[in-house]
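First residue of the sequence shown: 61, per this note's numbering; consecutive thereafter.
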Amino acid sequence: MYPVEAAIVTACHSGLGGTGDVAILGASDRMGLMAFAQIATRVGGAIMIVIATFLMKMIY
């Protein structure tokens, strides 16, 4: 992947799920990266839930 495409797919972590993926990829005219964006969103979301769970255990 090129650096721009890698950054766009990485930005999909902060999107609003599938809707955010479509918005980010549509704005950047890179709809061909939808499969990568969906995987990045799902994996990124799962990792964030695990990290948040560990942090909540440590804090409370």
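No residue lacks a Cβ here, since even glycine has one placed at the ideal position from N, Cα and C.
Please classify residue i: is it buried, with 16 or more other beta-carbons within 10 angstroms of its beta-carbon, or exposed?
{"i": "LEU85", "result": "buried"}
{"i": "THR113", "result": "exposed"}
Specify the secondary structure class of residue i as computed by DSSP and reduced to three states.
{"i": "GLY86", "result": "helix"}
{"i": "GLY105", "result": "helix"}
{"i": "GLY77", "result": "coil"}
Give me the Cα-Cα distance between residue i and residue j, rounded to the nearest whole angstrom.
{"i": "MET94", "j": "GLY105", "result": "16 Å"}
{"i": "ARG90", "j": "ILE99", "result": "15 Å"}
{"i": "TYR62", "j": "THR70", "result": "12 Å"}
{"i": "ASP81", "j": "MET116", "result": "28 Å"}
{"i": "ALA87", "j": "ILE111", "result": "30 Å"}
{"i": "ALA67", "j": "ALA97", "result": "11 Å"}
{"i": "ARG102", "j": "GLY77", "result": "8 Å"}
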